[in-house]
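What follows is a short report on a single structure.
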Amino acid sequence: EIEAPERVTIDDALLRDAFREAVSETLLYVESQRVQVAPPTQPMIDAEWRRFFQAVGGASRLERVRRALSAREEDITEIVEQRAWIASFLEANLRGSEDVDIDTVERVFASGEHPFTSMTLEEAREPLRAFIRTERVEAAVRTWVESLRGRARIAISPAWAPLLDHPFESVE
144 EIEAPERVTI DDALLRDAFR EAVSETLLYV ESQRVQVAPP TQPMIDAEWR RFFQAVGGAS
204 RLERVRRALS AREEDITEIV EQRAWIASFL EANLRGSEDV DIDTVERVFA SGEHPFTSMT
264 LEEAREPLRA FIRTERVEAA VRTWVESLRG RARIAISPAW APLLDHPFES VE
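For the sequence shown, the working numbering gives the first residue as 144, with consecutive numbering after it.
Structure below.
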């Protein structure tokens, strides 16, 4: 059973990264609402639930953590649904990023700048295509989030900051 500690010690770098990720998700969610992207489909929401469960180590672990942190089920559902909105938004706006032609695959394979160096081109073709696609989408999202950050004023002051063993400072 997981118990909530009285004092929490969190590495500053990890805390900073977690907040940056949370801010990035929030910016993308707000943008998805601003441009009125089509709502996520039920299969998209189901996929987000699967990713969420996998990320936390399964549904039973999520439930133990949720109870230990006194989070409401509605809070978890809101997080998953926001992530599904973000997925819908990214899908609608990054179409075309997934198209990777064979010339690009061959060029990247020849460069050796990929994790498939022990494979032949034939063996690596489809995994490398997926790798390139993922790299493109992640780069586009990073650029987009940085642009959104430039247009937003971000102030973070979490209610749990007093539980930390050091002063909390906004990461933005």
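Just so it is clear, CB atoms sit at the ideal spot from N, CA and C, and this is done for glycine as well.
Point to revise | For Thr171, three-class secondary structure by DSSP | key: First, the amino acid is wrong: residue 171 is Leu here, not Thr. In the displayed model, Leu171 falls within a helix according to three-state DSSP.
Review point. Mind checking Pro270: buried by the 16 CB within 10 Å criterion, or exposed?
Key: Counting Cβ neighbours within 10 Å, Pro270 comes out exposed, since fewer than 16 surround it.
Please report the distance separating the alpha-carbon of Glu216 from that of Arg268. Going from the Cα of Glu216 to the Cα of Arg268 covers about 43 Å.
### Message
Helix, strand or coil for Ser261? Go by DSSP, reduced to three states.
### Response
Looking at Ser261 - three-state DSSP - the assignment turns out to be coil, as it is neither helix nor strand.
For Arg159, which of helix, strand or coil comes out of DSSP? Helix.
Quiz prompt | Residue span of the alpha helix (DSSP H) that contains Asp246, given as start and end | solution = Here the alpha helix (DSSP H) through Asp246 covers Ile245 to Ser254.
*Mind checking whether Glu174 and Leu264 have CB atoms under 7 Å apart?*
No, these two residues do not count as a Cβ contact at 7 Å.
Using the beta-carbon count (16 or more within 10 Å), is Asp160 buried or exposed?
With fewer than 16 other Cβ atoms within 10 Å, it is exposed.
Trp192 versus Val288, Glu164 and Ala230, residue with shortest Cα-Cα distance | Distances from the alpha-carbon of Trp192 to those of Val288, Glu164 and Ala230 put Ala230 closest.
Query raised in the report: From Val151 to Phe274, what distance separates their C-alpha atoms?
Result: Low per-residue confidence applies at Val151: pLDDT is 49, beneath 50, and the placement is therefore not dependable, though the value from the model is reported in the following sentence. Those two C-alpha atoms are separated by around 37 Å.
Which runs of the alpha helix (DSSP H) fall wholly inside the region 216-240 and span at least 4 residues, in chain order? For the region 216-240, whole alpha helix (DSSP H) runs of length 4 or above, ordered along the chain, are 216-236.
Looking at the secondary structure, which residues open and close the alpha helix (DSSP H) in which Ala211 lies? Element bounds for Ala211: Ala202 to Ala211.
**Prompt:** Starting from Gln179 and walking both ways along the alpha helix (DSSP H), at which residues does that stretch end?
**Reply:** For Gln179, there is no enclosing alpha helix (DSSP H), since its DSSP letter is neither H nor E.
Output yes or no for whether 7 Å exceeds the beta carbon distance between Val248 and Arg285.
With respect to the 7 Å criterion, Val248 and Arg285 are not classified as neighbours on the basis of their beta carbons.
If I measure Cβ to Cβ from Ser167 and keep anything under 6 Å in the same chain, skipping five residues before and after, which residues do I get? Same-chain partners within the cutoff: Val288.
Inset, instruction - Could you tell me the distance, in whole angstroms, from the CA atom of Leu205 to the CA atom of Val199? - result: The straight-line gap from Cα to Cα measures roughly 6 Å.
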